[in-house]
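FYI, the numbering for the sequence shown is 4 to 507, going by my numbering. Quick reminder that beta carbons are idealized off the backbone N, C-alpha and C, glycines included. Everything numeric in this text was worked out from a predicted model, so none of it was measured.
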Amino acid sequence: MAPRALAIVAGLLVVGLTLGPVAAVIWRATGWSALGPGDWQALRFTVVQAVLSAALSVLCAVPVARALARRRFAGRGLLVALLGAPFILPVIVAVLGLLAVFGNAGLLNTGLRALGLPEVSIYGLHGVVIAHVFLNLPLATRLILQAWLAIPAERMRLAGSLDLGPWAMWRVIEAPMLLRIVPGAFAVIFVICLSSFAVALTLGGGPRATTVELAIYQAIRFDFDLARAAVLSVIQLALALAAGLVALRLSGGDGFGAGLDRVVPRWDIGRTALLFDALAILLVALFLLTPLAMVVLRGLPGLGQMGPGVWQAAQHSVTVALASTLLCLVWALPLATRGGEVVGLAGIAVSPLVLGTGLFLIVRPYANPFDLALWVTGLVNALVALPFALRILRPEAQAIRADFGRLGAALGLTGWAWLRWVLVPRLRRPLGFAAGLTAALSMGDLGVIALFADPDRTTLPLRVYQLMGSYRMEGAAGAALLLLALSLGLFWLFDRGGRVNAEA
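Shown next, in the form of structure tokens:
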């Protein structure tokens, strides 16, 4: 099958699997529902916190990615991997880590009380933004770092031969690269924050800090008002697609062309830049790794108190994660080469709660939804992870087509030959990153499985929630640490397979 035909088939499948459940919910709702004042307040808060969270995540990621791209030091590869941990951390576990640092009894307020200073509260708009920056700053850093590392070494040599200083290097090489990458990264993080649920639930602090996803949850769970849930979901989808279209419009432009993949030491780095880079890495490392360390410290004593069923739940989670990764990459490869990023964006734009409810309504007349819980969870996880995979793969795939397309056509490399000999080998690094990210996100997902699961088909995140609900906090902390270890392990395994000199 031709690449264009594969992209069309993949796009139709993604659109059908995304919009089909929404259509099922709308059909079951038998009409539309008017939004109340609380819904409009939730919509305003959602947009404000998403814009602030995405902007701060990207702005903070630029100096960190720049420092990591031009610095070589012992343990750099391990630091890059650890800095990515918060994004693949299950959201509720990340929130618990942030509360351990910024909460009323956290490290920060304990220190402020000891110094006689006023305490700070993590609840409300600023708490939601802090949590979203904590979760999404690693993603923004990795996306921008990938682009920095993709600048051909020959461009650096040419800049050196022209004796370009730091400001000229920024204006001629680095700033144009950022103009191509940053809008897409902003759009992806904006869409992630649009569908915020666990963060707003735990840190929102009241009706004024309610997101659209929380409003959908209330409409389905407490009122079973499918009409209102469908309207909110369509509004959320429209916002996400609009963000994606704007990002694609702004992120156009040519790349730097092909290179020979050689590493060139940077010469345009003085002592001031060295200090700035070290400070950026240190501050971000403290912000991201301190809550992570608290999760580990609180989880170690609970490993022996997890109780029965945890290991079976872990096996289910690993199986679902591997299946989601395979399915996501099968969709992502053809879509990435044919500019299908907006199509993939719909997978994360639609509320997972609406997707789960719609799939339940579709499956129920033909089979017991509980028997298909793990399969449905894997399918939805692949859809949700698809925008991230496309954001990682599309710039490199488009550059490969531009740089080697004519040569491949002249050599008769089409279809599978092009895929095997040109595309996949040159996409090795971003493919590994995308696969690791998909597997880790799937490991930590809780949304759909909560609607379908029975006691025999529990995943590890759901088991953590069950332990917390039964007030077995030590066991929940141990299970959360196991979940973190498995998520990081899968991410490292896939990412290592695609990295070149531990650059990514």
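Checklist entry - I think P368 touches A10, with their Cβ atoms under 8 Å apart; what is that distance to the nearest whole Å? => result Not confirmed; about 32 Å, so no contact.
Next on the checklist: Measuring only the C-alpha atoms, how far is L440 from L485?
Outcome noted: Cα atoms of L440 and L485: separation of roughly 18 Å, rounded to the nearest angstrom.
Checklist entry - What's the gap between the Cα of T328 and the Cα of G80? => result For T328 and G80, the distance between alpha carbons rounds to 23 Å.
Item to check | Supposed contact pair L92 and L487 - C-beta distance, whole angstroms, cut 8 Å | outcome: Indeed they touch by this definition, with Cβ atoms about 6 Å apart.
Next on the checklist: Assuming contact is defined by CB atoms lying nearer than 8 Å, are S218 and I95 in contact in what I supplied?
Outcome noted: It is worth fixing the name first, because residue 218 is Ala in this sequence and not Ser. For A218 and I95, no; Cβs fall outside 8 Å.
Checklist entry - Is the distance from the Cβ of W151 to the Cβ of A72 below 8 Å? => result In contact: W151 and A72 (Cβ atoms closer than 8 Å).
Checklist entry - Roughly how many angstroms separate the alpha carbons of L111 and F105, rounded to a whole number? => result Distance from the CA of L111 to the CA of F105, rounded to the nearest whole angstrom, comes to 6 Å.
Item to check | Range covered by the alpha helix (DSSP H) that runs through V202 | outcome: First-last of the alpha helix (DSSP H) with V202: 201–206.
Checklist entry - Is it right to say V65 is buried, meaning 16 or more other beta carbons lie within 10 angstroms of its own, or is it exposed? => result Buried is the call here.
Item to check | Other residues of its chain near V323: CB distance less than 7 Å, five sequence neighbours each side excluded | outcome: Close CB contacts of V323 within its chain, under the 7 Å cut and outside five residues either way in sequence, are with L377, T380, G381, N384, S445, T462 (chain order).
Checklist entry - If we ignore side chains and look at the alpha-carbon of each, how far apart do L128 and G207 end up? => result CA-to-CA, the gap between L128 and G207 works out to about 7 Å.
Checklist entry - Run through DSSP, which three-state label would N384 get? => result Looking at N384 - three-state DSSP - the assignment turns out to be helix.
Item to check | Contacting residues, own chain, Cβ-Cβ under 6 Å from P433 (five flanking each side not counted) | outcome: Correct list, in chain order: I395, L396, E399.
Next on the checklist: So for I125, helix, strand or coil by DSSP?
Outcome noted: In the structure shown, I125 sits in coil (DSSP, three-state: anything other than H, G, I, E or B).
Checklist entry - How would you call A335, buried or exposed, if buried means at least 16 neighbouring beta carbons within 10 angstroms? => result Sixteen is the threshold: when 16 or more other Cβ atoms of the shown chains lie within 10 Å of the Cβ of A335, as they do, the residue is buried.
Checklist entry - So L356 is in the alpha helix (DSSP H); what residue range does that whole segment cover? => result Unbroken alpha helix (DSSP H) run through L356: 355–366.
Item to check | Heavy atom of the ligand ATP within 7 Å of A97 beta-carbon | outcome: Absence of the ligand ATP from the depicted structure is noted, as is the absence of any ligand whatsoever, leaving it without description.
Item to check | Neighbourhood of V123 by C-beta distance below 8 Å, restricted to the same chain and skipping five residues each side | outcome: Contacts found: F105, L111, N112, L115.
Next on the checklist: Please state whether the Cβ-Cβ distance between V28 and A232 is less than 8 Å.
Outcome noted: Cβ distance < 8 Å, so V28 and A232 count as in contact.
Checklist entry - Using the rule of at least 16 other Cβ atoms within 10 Å of the residue's Cβ for burial, across every protein chain shown, is L449 buried or exposed? => result Taking all protein chains in view, the Cβ of L449 is crowded by 16 or more other Cβ atoms within 10 Å, so the residue is classified as buried.
Checklist entry - Would you report the Cα separation of A70 and G435, rounded to the nearest angstrom? => result C-alpha of A70 to C-alpha of G435: approximately 22 Å in a straight line.
Item to check | The alpha helix (DSSP H) enclosing G119, as first and last residue numbers | outcome: Element bounds for G119: n/a, residue is neither H nor E.
Item to check | Y474, buried or exposed, once every other Cβ within 10 Å from all chains shown has been counted against 16 | outcome: With fewer than 16 Cβ atoms within 10 Å of its Cβ, Y474 is classed as exposed.
Item to check | I176 - DSSP class collapsed to helix/strand/coil | outcome: Three-state DSSP puts I176 in a helix.
Next on the checklist: In this structure, how does DSSP classify G262 when only helix, strand and coil are distinguished?
Outcome noted: Model confidence at G262 stands at a pLDDT of 43, short of 50, so the residue's coordinates are unreliable; what they give is reported in the following sentence. Shown here, G262 sits in coil according to DSSP, grouped into three states, outside any helix or strand.
Item to check | Local conformation of D228 per DSSP, three classes | outcome: In the structure shown, D228 sits in coil (DSSP, three-state: anything other than H, G, I, E or B).
Item to check | Element boundaries [alpha helix (DSSP H), containing F373] | outcome: Note, F373: premise wrong, no alpha helix (DSSP H); not H, not E.
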